[in-house]
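Going by the working numbering, the sequence shown opens with residue 283, and the numbers climb by one from there.
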Amino acid sequence: MPLQNTIQTMKDVGSSNGEMMRRGRVEVVCGSMFSGKTEELIRRLRRAQFAKQRVEIFKPAIDVRYSEEEVVSHEGTSIPSTPVDSSASILLMGQESDVVGIDEAQFFDEHIVEVCNELAARGIRVIVAGLDLDFKGQPFGPMPQLCAIADEVTKVHAICVRCGALAYVSHRIVAGDKQVLLGEKQEYEPLCRECYKLVAPSGSPLGECPK
Ligand SMILES: [Zn+2]
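Printed below as a string of structure tokens:
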């Protein structure tokens, strides 16, 4: 094949995470706690920064577990970020970027979906990380809608702490019924469907309607 054709073919294919594509898009990285979602978000953002792209990272102001102005993964890697109260602020502050990263997206209001669509429409690559399910096994906040509008969804998995299979849900091991309880290893454990059924028979990991 002539060289020119080969180059054209490579351009058409691009990379699976969109680095070679200049058009806006929405990527979602979802999974349970301890699945490495934030690690994956940081990895994609770091590559963009290395390529001198303008990168902005946002997280909900509610999430100040480790650091007020950084996105920090469980493994301790971090990247400077801006805590915001609402998704509207992301639209306002993110429009000059090439890449917008959003962590803990499950805590944002429902307008986050329109915000991501709007940023992508303006040619921005949007990478969203969040918990797909809450501790009861129910879809969490705007995550189902974000997965639906995404160009690409990556589901990452933790390992079930009881049997070693791929985990499905973040089981809360302390009492409390609030959906939002920011936590760490003392409060949650990743479990597979089978083990979750054994420890939380009243939960609905298979997606029954909530009562
Ligand atoms: Zn298990």
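Just so it is clear, CB atoms sit at the ideal spot from N, CA and C, and this is done for glycine as well.
When the Cα of residue i is compared with those of the options, which residue comes out closest?
i      : options                        : result
VAL443 : ASP433, LYS437, ILE455, GLU434 : ILE455
GLN377 : GLY306, SER314, ARG328, VAL310 : GLY306
ASP380 : GLY318, GLN420, ARG404         : ARG404
SER317 : ALA430, GLN420, ALA411         : ALA411
ALA430 : ILE406, LEU413, TYR450, VAL395 : VAL395
LEU473 : SER314, GLU309, PRO362, ASP385 : SER314
VAL275 : LEU415, ILE372, LEU428, ARG326 : What is shown of the chain runs 283 to 493, which leaves residue 275 out entirely.
LYS437 : ALA447, PHE422, GLN420, LEU413 : LEU413
Please find out if some non-hydrogen atom of ligand 1 comes closer than 6 Å to the beta-carbon of residue i.
i      : result
CYS445 : yes
CYS398 : no
CYS312 : no
CYS474 : yes
CYS477 : yes
CYS545 : What the structure shows of the chain is the stretch from 283 to 493, and residue 545 is not part of that stretch, so it cannot be assessed.
Which same chain residues end up closer than 8 Å to residue i when comparing Cβ atoms and leaving out the 5 residues on each side of it in sequence?
i      : result
GLU469 : ARG454, ILE455, VAL456, LEU463
GLU490 : Only weak support exists for where GLU490 lies, its pLDDT of 37 falling under 50; the value from the coordinates is given anyway. Contacts found: none.
Note the first and the last residue of the continuous beta strand (DSSP E) segment covering residue i.
i      : result
VAL443 : Run containing VAL443: none; DSSP gives neither H nor E here.
ARG454 : 451-454
PRO342 : 337-342
LEU473 : 470-473
Excluding the 5 residues flanking residue i on each side, which residues of the same chain have their C-beta closer than 7 Å to its C-beta?
i      : result
ALA482 : HIS453
MET283 : Reliability of the predicted coordinates at MET283 is poor, the pLDDT of 49 falling under 50, and the value obtained from them is presented with this limitation in mind. There are no such residues.
Quick check on the DSSP output: the alpha helix (DSSP H) that includes residue i runs from which residue to which?
i      : result
GLU400 : 394-403
ILE431 : 425-431
ILE372 : 369-376
Using a Cβ-Cβ cut-off of 6 Å (strictly less than) and excluding sequence neighbours within five positions of residue i, which residues of its own chain qualify?
i      : result
THR364 : PHE340
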